[in-house]
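K.L.:
Just dropping this structure here.
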Ligand code: SAM
Ligand code: SF4
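See the structure below:
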């Protein structure tokens, strides 16, 4: 499908967009032709949002005023006509929905020890609203992958029902969950039966004392039990482990954690600590960088570039072999260098917070409310349009239009990671 690109606001952006043709990185949209036309010269410019390109055929959804729950939605996996594009040519197809802002841990890099104001239950997206948003995303906007997160999604009592509902609507959609796994021991099987595809578990240490120090709760065993249950329930295809290293706390465990993960066939991903902690204690000169992580791992492992296509994945992947036998690949490891090597130019994420606000970027200071539309009788088309507008405004990168986390002009967002949905 050929896309005409309209509404580019300045020649600067036109230059940033560079060459005339950008290949869309998503499904069957094969080409995006970038044309620096003036707003209003063709198509209808939506203030702050995407121009409506003249299309060869009417959208399957245009003007239908449908509401979600359309039984065909899950099967419409072909290209949509107006996906979530932004001014810089990126197409968002990876949807992350936070189900709740509450959590049963208090990780120091994410939450304060106490004093967090929770959203009242009435402001959380209901299960039905989550289903409706997913359907609009998949059917009308080109969403191809769903991640449920939080806060801690397992704290949400209707989590299994939400997964079952989305699965019923979208039999083919990959649905994953990011969780600290506390409580997963009981819920892994129901979640698998409800149709969850995969799970990402956050685990920063293998030592109970360090867990207590990092997460301010004594739940290491519950997390490990949850991981075992997830594997037994078939949610490890593959099971991914997310680890944040904190200097002087758990950074010495990098190689141990990798050995542990490799032994179990898990894919470990180290995430550089980002300035998204509620305490605003993050310091660039104190964070553990991807270079340091590789140095730590090199004490016991030889890392070589993973030949698989990165394909929009935030993690740079490496094959892992023991130093004692460098020819024997025993697993893989990923490093998400969000701070030192941001992957903004290839970002495919669109995020919705637990109260239904679109965040085009983790570091956005702008939020676009969808729940108000959902709760005031708006049609799916209205919701889709507002969602498109939000994504159209996605910044080019962190910081003030450049990859500048930790630079002088970087202003940390008010929301912590738990309140955004990581
Ligand atoms: N509670 C769940 C969990 O911990 O997996 C889901 C939500 S949590 C916000 C999602 C991910 O964000 C976790 O893997 C966590 O390690 C990561 N995270 C939280 N704060 C972070 C920060 N400041 N920098 C980097 N990653 C962070
Ligand atoms: Fe909770 Fe996850 Fe944040 Fe830790 S990282 S406090 S588990 S939301």
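In the working numbering, the protein residues as written are 173 to 594. All residues carry an ideal CB built from backbone N, CA and C; glycine is no exception. The structure displayed is predicted, hence computed values, not measured ones.
#1: With a CB to CB cut of under 7 Å and the five nearest residues on each side skipped, what residues in its chain are close to residue 478?
#2: Closer than 8 Å is the cut-off here; do at least three beta carbon pairs connect the stretch 291-311 with the stretch 541-548?
#3: List the DSSP bridge partners of residue 488.
#4: Under three-state DSSP, which class holds residue 461?
#5: If you measure from the CB of residue 458, is any heavy atom of ligand 1 nearer than 7 Å?
#6: Could you say which of 339, 374, 405 lies nearest to residue 359 if we only look at CA atoms?
#7: Return the Cβ separation of residue 377 and residue 461 in integer angstroms, given the expectation that the two are a contact with Cβ distance under 8 Å.
#8: Measure the alpha-carbon distance for residue 434 versus residue 399 and round it to whole angstroms.
#9: Beta-carbon within less than 7 Å of residue 279's beta-carbon, same chain only, minus the 5 sequence neighbours each way: which residues are those?
#10: Could you check whether the Cβ of residue 414 sits closer than 7 Å to any heavy atom belonging to ligand 1?
#11: Between 254, 593, 285, 264, which has its C-alpha nearest residue 518's C-alpha?
#12: I'd like to know whether the C-beta atoms of residue 473 and residue 430 end up nearer to each other than 8 Å.
#13: Distance check for residue 560 and residue 550, CA to CA, integer angstroms please.
#14: Report yes if the C-beta of residue 441 is less than 7 Å from at least one heavy atom of ligand 2; otherwise report no.
#15: By alpha-carbon positions, which one of 487, 496, 500 ends up nearest to residue 514?
#16: Please go through the stretch 283-359 and give each complete alpha helix (DSSP H) segment of 4 or more residues, from N-terminal end onward.
#17: Mapping DSSP to helix, strand and coil, what is residue 382?
#18: With residue 395 as the anchor, note down where its alpha helix (DSSP H) starts and where it stops.
#19: Would DSSP call residue 257 helix, strand or coil?
#20: Please classify residue 449: does DSSP put it in a helix, a strand, or coil?
#21: Is residue 596 near ligand 2, in the sense that its beta carbon is under 7 Å from a heavy atom of that ligand?
#22: Go ahead and label residue 463 buried or exposed: buried means 16 or more other beta carbons lie within 10 angstroms of its beta carbon, across all protein chains shown.
#23: Report yes if the C-beta of residue 422 is less than 7 Å from at least one heavy atom of ligand 2; otherwise report no.
#24: Taking 8 Å as the cut-off, decide whether the C-beta atoms of residue 282 and residue 510 are in contact.
#25: Counting Cβ pairs closer than 8 Å, one from the stretch 321-331 and one from the stretch 267-274, do we hit at least three?
#26: Where residue 407 and residue 389 are concerned, what is the direct C-alpha to C-alpha distance, given to the nearest angstrom?
#27: Please list, following the chain, all residues that have a C-beta closer than 5 Å to any non-hydrogen atom of ligand 2.
#28: Starting from residue 441, trace the beta strand (DSSP E) in both directions and tell me its first and last residue.
#29: Could you tell me the boundaries of the alpha helix (DSSP H) in which residue 560 lies?
#30: Look at the alpha carbon of residue 259 and the alpha carbon of residue 436, and state the distance between them as a whole number of angstroms.
#31: Given a cut-off of 8 Å, decide if residue 419 and residue 458 are closer than it, judged by their beta-carbon atoms.
P.N.:
This is what the structure gives:
#1: These residues qualify, in order along the chain: 489, 490, 491, 504.
#2: Yes: the two stretches touch, three or more of their Cβ pairs being nearer than 8 Å.
#3: Beta-bridge partners assigned by DSSP to residue 488: 507.
#4: The answer is coil: DSSP assigns residue 461 none of H, G, I, E or B.
#5: Incorrect: residue 458 has no Cβ contact closer than 7 Å to ligand 1.
#6: Checking every option, the nearest Cα to that of residue 359 belongs to 405.
#7: Contact doesn't hold; Cβ gap of about 19 Å is too wide.
#8: Rounded to the nearest angstrom, the gap between the Cα atoms of residue 434 and residue 399 is 14 Å.
#9: Once the five neighbours on either side are set aside, the close Cβ partners of residue 279 are 386, 387.
#10: Yes, the beta carbon of residue 414 sits closer than 7 Å to at least one heavy atom of ligand 1.
#11: Checked all of 254, 593, 285, 264; the closest Cα to residue 518 is 264.
#12: Yes, the Cβ-Cβ distance between residue 473 and residue 430 is below 8 Å.
#13: About 15 Å.
#14: No.
#15: Closest option to residue 514, Cα to Cα, is 487.
#16: Listed in chain order, the complete alpha helix (DSSP H) runs (minimum 4 residues) inside the stretch 283-359 are 299-313, 331-341.
#17: In the structure shown, residue 382 sits in a helix (DSSP, three-state: H, G or I).
#18: Counting along the chain, the alpha helix (DSSP H) containing residue 395 begins and ends at 392-404.
#19: In this structure, residue 257 counts as strand in the three-state DSSP scheme.
#20: DSSP places residue 449 in coil when its eight states are reduced to three.
#21: The question about residue 596 has no answer here: the residues shown for the chain are numbered 173 through 594.
#22: Flag for residue 463 reads exposed.
#23: For residue 422, the distance from the CB to the nearest heavy atom of ligand 2 is not below 7 Å.
#24: Not closer than 8 Å, so no.
#25: Contact check between the stretch 321-331 and the stretch 267-274: three or more CB pairs, one atom from each, fall below 8 Å, which counts as touching.
#26: A straight line joining the alpha-carbon of residue 407 with that of residue 389 spans about 25 Å.
#27: Cβ atoms closer than 5 Å to ligand 2 belong to 275, 277, 279, 282, 283, 352, 590.
#28: Here the beta strand (DSSP E) through residue 441 covers 439-443.
#29: Residue range 552-564 is occupied by the alpha helix (DSSP H) that includes residue 560.
#30: If you draw a straight line from the Cα of residue 259 to the Cα of residue 436, it comes to about 42 Å.
#31: In this structure, residue 419 lies closer than 8 Å to residue 458 by Cβ.
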